[in-house]
Ligand code: SF4
Ligand code: SF4
């Protein structure tokens with residue numbers, strides 16, 4: 006198998022695996038809500054804890070609460086576990102979470118491919134617009150970090166996690182998609198259209214989760230490293246980079262935009278010239294090794310959380326039945 010096909014296949018396989026898991030979680034969550042809200046339903050469906058992956062703000066509050074109070078959140082513990090797992094992946098392997106696991110990253114790539122098919126290319130914003138837009142995701146991240154880590158004290162974060170609003174945040178999110186307003190629908194369609202035209206529009210400009218993981222990824226020991234003695238300056242690495250990083254100009258790619266996708270490594274025609282490696286050619290990761298590493302780490306963290314009781318919510322079925330009818334009246338505090 007060629008190097009090209011090897012890298013492409015491994016990443017697509019892992020993306021497919023996580024997409025299937027997310028779809029199954031989504032289906033089971035819809036069935037859970039239906040079983041709990043429909044008195045005629047005889048069969049109770051268990052709530053899939055993995056749905057909490059879609060509550061990143063609650064997870065950020067839970068992280069602050071854990072650090073400040075020493076209490077691990079029991080309302081959405083899986084959300085915090087998944088958030089920590091994404092951070093650990095980034096601390097090791099750049100923003101590999103974005104390019105190997107995240108369903109929004111996968112969807113974004115799919116839409117960009119569709120755009121390439123439709124228009125024979127993706128459009129690139131001029132630098133004067135690209136730079137300020139790229140800073141948007143850091144501004145959004147700074148807002149959340151300031152609000153949660155500076156303005157909220159430990160007690161307020163703990164109290165927020167216990168609010169009825171936070172308890173049913175996942176069901177409210179489902180409700181948002183099931184009863185979408187015209188404004189919500191227009192925003193979703195607008196983002197999808199922009200992602201067809203501009204590669205990784207959401208990830209590149211707006212995602213605060215990616216911004217955080219990118220900053221953590223700057224600490225990652227594994228980075229894209231170029232060997233200048235064998236490099237023939239063909240620029241294929243830079244041209245292939247979905248995040249438009251000038252790989253051919255750097256010895257080590259330190260950019261927070263690097264998602265560890267290995268597309269540049271795949272395109273390099275000279276062997277051992279571009280590697281995803283520790284300093285001094287210590288332990289280069291092949292796509293297969295990175296794929297196995299990402300999956301193994303994920304299984305290990307989720308497995309430990311399940312075995313130690315830090316995965317399932319402490320919210321009882323009775324509590325859900327009590328809260329859901331008045332869900333529309335619930336506010337943040
Ligand atoms: S192509 Fe290379 S430099 Fe660009 S994001 Fe992927 S791994 Fe990072
Ligand atoms: S693709 Fe490889 S040989 Fe070409 S510029 Fe990049 S690192 Fe150098």
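In the numbering used here, the protein residues as written are 6 to 338. C-beta: ideal position from N, C-alpha, C; glycine also.
Is there a C-beta anywhere in chain B that falls below 8 Å from the one on residue 141?
In the displayed structure, chain B is absent; only one protein chain is listed.
Measure from the alpha carbon of residue 184 to the alpha carbon of each residue in 113, 55, 18, 333, then state which is nearest.
Within the chain shown, residue 184 is the residue found at index 179, counting from 1. Among 113, 55, 18, 333, the Cα nearest to that of residue 184 belongs to 333.
Is it the case that the segment 11-26 contacts the segment 105-123, given that we only count it when at least three CB pairs across the two stretches are under 8 Å?
yes
On a Cα-Cα basis, can you pick out the residue from 245, 283, 255, 266 that is closest to residue 273?
Counted from its first residue, the chain shown places residue 273 at position 268. Among 245, 283, 255, 266, the Cα nearest to that of residue 273 is on 245.
Figure out for me which residue from 320, 295, 149, 310 has the closest Cα to the Cα of residue 97.
In the chain shown, residue 97 corresponds to position 92, counting from 1. Nearest of 320, 295, 149, 310 to residue 97, Cα basis: 295.
So which residues touch the region around ligand 2, with touch meaning a C-beta under 7 Å from any heavy atom?
231, 236, 237, 238, 239, 240, 241, 242, 243, 252, 253, 269, 272, 273, 274, 275, 278, 279
From the DSSP output, in three-state form, read off residue 23 for me.
Within the chain shown, numbered from 1, the residue matching residue 23 stands at position 18. Reduced to three states, the DSSP call for residue 23 is helix.
Locate the alpha helix (DSSP H) running through residue 220, then write down its first and last residues.
Counting from one through the chain shown, the residue named residue 220 turns up at place 215. From DSSP, the alpha helix (DSSP H) with residue 220 extends over 213-222.
Alpha carbon of residue 72 to alpha carbon of residue 152, nearest angstrom
Residue mapping note: residue 72 aligns to position 67 of the chain shown, counting from 1. Residue mapping note: residue 152 aligns to position 147 of the chain shown, counting from 1. One C-alpha to the other measures close to 16 Å.
Mark residue 88 as exposed unless 16 or more other C-beta atoms lie within 10 angstroms of its C-beta, in which case mark it buried.
Position 83 of the chain shown, counted from the first residue, corresponds to residue 88. Burial call: buried.
In or out: residue 126 buried (at least 16 other Cβ within 10 Å) or exposed?
Position 121 of the chain shown, counting from 1, holds the residue named residue 126. Under this definition residue 126 is an exposed residue.
I'd like the list of long-range same chain contacts for residue 320, defined as Cβ closer than 6 Å, with 5 residues on each side in sequence excluded.
Here residue 320 is taken as the residue at index 315 of the chain shown, counted from 1. The residues are 172.
Check residue 158 in the structure and name its three-state DSSP category.
On the chain shown, residue 158 is found 153 positions in, with the first residue counted as 1. Coil, per DSSP.
Within a Cβ cutoff of 7 Å, which residues of the same chain sit near residue 223, ignoring the five residues on either side of it in sequence?
Locating residue 223 in the chain shown gives position 218, counting from the first residue. So the list reads 259, 261, once near-sequence residues are dropped.
Based on Cα-Cα distance, which residue from 290, 329, 226 lies nearest to residue 93?
As a working mapping, residue 93 is identified with position 88 in the chain shown. For residue 93, the nearest C-alpha among the options comes from 226.
Just confirm the distance between the C-beta atoms of residue 50 and residue 36, as a whole number of angstroms; I'd bet it's less than 8 Å.
Translated into positions along the chain shown, residue 50 becomes position 45. Translated into positions along the chain shown, residue 36 becomes position 31. Right, their Cβ atoms sit about 4 Å apart.
What three-state label does DSSP hand residue 49 in the structure shown?
Here the question's residue 49 lines up with position 44 in the chain shown. Residue 49: coil per DSSP, three-state reduction.
Excluding the 5 residues preceding and the 5 following residue 255 in the sequence, name in chain order all residues of the same chain whose CB lies nearer than 7 Å to its CB.
For the purposes of this step, residue 255 is taken as residue 250 along the chain shown, with counting starting at 1. Counting only Cβ-Cβ distances below 7 Å, and skipping sequence neighbours, we find 231.
For residue 146, I'd like the list of residues in its chain whose CB is within less than 6 Å of its CB, leaving aside the five on either flank, ordered along the chain.
The sequence position of residue 146 within the chain shown is 141, counting from 1. Hits under 6 Å: 213, 216, 217.
Contact check, residue 56 vs residue 166 under 8 Å by CB: the rounded distance?
For the purposes of this step, residue 56 is taken as the residue at position 51 of the chain shown. For the purposes of this step, residue 166 is taken as the residue at position 161 of the chain shown. The Cβ separation is near 16 Å, so there is no contact.
Straight-line gap, residue 69 to residue 308 (C-alpha atoms, nearest Å):
For the purposes of this step, residue 69 is taken as the residue at position 64 of the chain shown. For the purposes of this step, residue 308 is taken as the residue at position 303 of the chain shown. Approximately 23 Å, taken between the alpha carbons.
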